[in-house]
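Numbering-wise (this note's numbering), the sequence shown opens with residue 167 and increments by one.
C-beta: ideal position from N, C-alpha, C; glycine also.
Since this is a predicted model, take the numbers as computed values, not measurements.
I have placed the structure first, in the form of structure tokens, so that the comments after it can refer back to it.
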Amino acid sequence: MRRLQLVLMSNADKMNDNCELLVVIAGVGVYLMEQYQLLLLRHRLRRRGRGRGRRRWWVRPVNQLRAELGFHHNLLRETAMGDHEEFFANVRMWPEQFNWLLQQVGPSLEKHSIREPLSPRHRLGLALNDGGVWKSSELGQALDHGEFELPPPTPLPENAVPFPYYFVADEAFPLKTFIMRPYPKKNQERLTPEHRIFNYRLSRAR
Numbered sequence: 167m168r169r170l171q172l173v174l175m176s177n178a179d180k181m182n183d184n185c186e187l188l189v190v191i192a193g194v195g196v197y198l199m200e201q202y203q204l205l206l207l208r209h210r211l212r213r214r215g216r217g218r219g220r221r222r223w224w225v226r227p228v229n230q231l232r233a234e235l236g237f238h239h240n241l242l243r244e245t246a247m248g249d250h251e252e253f254f255a256n257v258r259m260w261p262e263q264f265n266w267l268l269q270q271v272g273p274s275l276e277k278h279s280i281r282e283p284l285s286p287r288h289r290l291g292l293a294l295n296d297g298g299v300w301k302s303s304e305l306g307q308a309l310d311h312g313e314f315e316l317p318p319p320t321p322l323p324e325n326a327v328p329f330p331y332y333f334v335a336d337e338a339f340p341l342k343t344f345i346m347r348p349y350p351k352k353n354q355e356r357l358t359p360e361h362r363i364f365n366y367r368l369s370r371a372r
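Here's what the structure looks like:
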């Protein structure tokens with residue numbers, strides 16, 4: 167009986183020693199993790215601080231004159247007043263359509279800053295003028311990846327053949343199974359009469 171008690175006491179001592187060892191190891195692990203996180207934070211702060219010199223200007227002088235001499239400011243204003251075809255070529259819509267869209271999204275494009283921000287009209291014009299906006303947009307990516315379901319093909323009037331749905335676009339957009347764009351104008355001499363008629367009707371639909 168006494169031997170059994172000694173064995174149990176010996177095992178209990180070993181268990182206590184093991185528990186103390188585990189506690190020590192866990193404490194060392196926590197300490198090392200904290201030190202690693204501190205080193206990582208210092209490294210990130212150093213990287214952020216590199217190459218950051220004192221700014222020479224609050225706003226660059228050339229940008230201070232953009233309202234009077236800026237290309238987009240003058241282009242949108244001048245073409246909207248007279249050259250509607252040039253206006254359409256830059257933003258892919260007529261001035262009336264542009265103004266309607268500006269009324270819808272203008273409040274969301276308002277930006278408040280200490281420095282004079284771009285006006286909603288200017289920001290909308292820049293967005294519409296950039297052909298890469300579609301590719302980087304959520305809608306464009308969803309369509310490319312097949313995550314946006316278009317309506318199933320539907321027969322046209324007086325025709326039993328199912329016809330798929332398309333987005334009608336101009337030359338700035340790529341040709342996709344869901345985008346219908348015109349034949350390129352740079353190859354005008356190669357366009358057949360059928361191609362020209364197609365471009366004309368697609369432009370009218372757009």
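Task: Stretch pair the segment 329–341 + the segment 358–372: three plus CB contacts closer than 8 Å - done: Because the criterion of three Cβ pairs below 8 Å is met, the segment 329–341 and the segment 358–372 touch.
Task: Cross-strand partners of F333 (DSSP beta bridge) - done: The partner list for F333 (beta bridge, DSSP) reads I345.
Task: Beta-carbon proximity of R258 to L316, cut-off 8 Å - done: Inclusion of R258 and L316 in the CB contact set at 8 Å is not warranted, their separation being larger than that value.
Open item on the list: Short of 7 Å in beta carbon distance, which residues of its chain neighbour P261, apart from the five on each side in sequence? Order them along the chain.
Closed with: By the criterion of a C-beta distance shorter than 7 Å, P261 is surrounded in its chain by A246, H250 and F253, once the five residues flanking it on both sides are discounted.
Open item on the list: What would DSSP say about P323, mapped onto helix, strand or coil?
Closed with: In the structure shown, P323 falls within a coil segment according to DSSP collapsed to helix, strand and coil.
Task: 3 or more residues per run - each beta strand (DSSP E) lying fully within the segment 247–305 - done: Runs of the beta strand (DSSP E) lying entirely within the segment 247–305 and spanning at least 3 residues: none are present.
TODO: Name the two residues that bound the continuous alpha helix (DSSP H) containing F364.
DONE: Boundaries of the alpha helix (DSSP H) around F364: P359 to A371.
Open item on the list: To the nearest angstrom, how far is the alpha carbon of T320 from that of A326?
Closed with: Our two residues, T320 and A326, have alpha carbons roughly 9 Å apart in a direct line.
Open item on the list: Just to confirm, is the Cβ distance from Q267 to L284 under 8 Å?
Closed with: Residue 267 is actually Leu in this sequence, not Gln. Cβ atoms of L267 and L284: not closer than 8 Å.
Task: Nearest residue (CA-CA) to Q263, options E324, I363 and R287 - done: Answer by Cα proximity: R287.
Task: Pairwise C-alpha distance: R213 and L341 - done: L341 and R213: Cα-Cα distance of roughly 43 Å.
Open item on the list: Tell me the rounded alpha-carbon separation between K277 and A308.
Closed with: The alpha-carbon separation between K277 and A308 amounts to approximately 28 Å.
Open item on the list: Quick check on the burial criterion: 16 or more other C-beta atoms within 10 angstroms. Buried or exposed for R210?
Closed with: Counting other Cβ atoms within 10 Å of its Cβ, R210 stays below 16 and is therefore classed as exposed.
- [ ] Can you have a look at R347 and say buried or exposed, based on whether 16 or more other CB atoms are within 10 angstroms of its CB?
- [x] Residue environment analysis places R347 among the buried positions, since at least 16 neighbouring C-beta atoms fall within 10 angstroms of its C-beta.
Task: Test item: CB-CB of Y349 and F339 under 8 Å - done: No; because the gap between Cβ atoms is not below 8 Å, this pair is not in contact.
Open item on the list: At the level of alpha carbons, what is the spacing between S279 and V271?
Closed with: Answer to the nearest angstrom: the Cα atoms are 19 Å apart.
- [ ] List the residues that DSSP assigns as beta-bridge partners of P328.
- [x] DSSP lists P321 as partners of P328.
Task: Between the CA atoms of Y366 and R356 - distance to the nearest angstrom - done: Taking the straight line from one Cα to the other gives about 16 Å.
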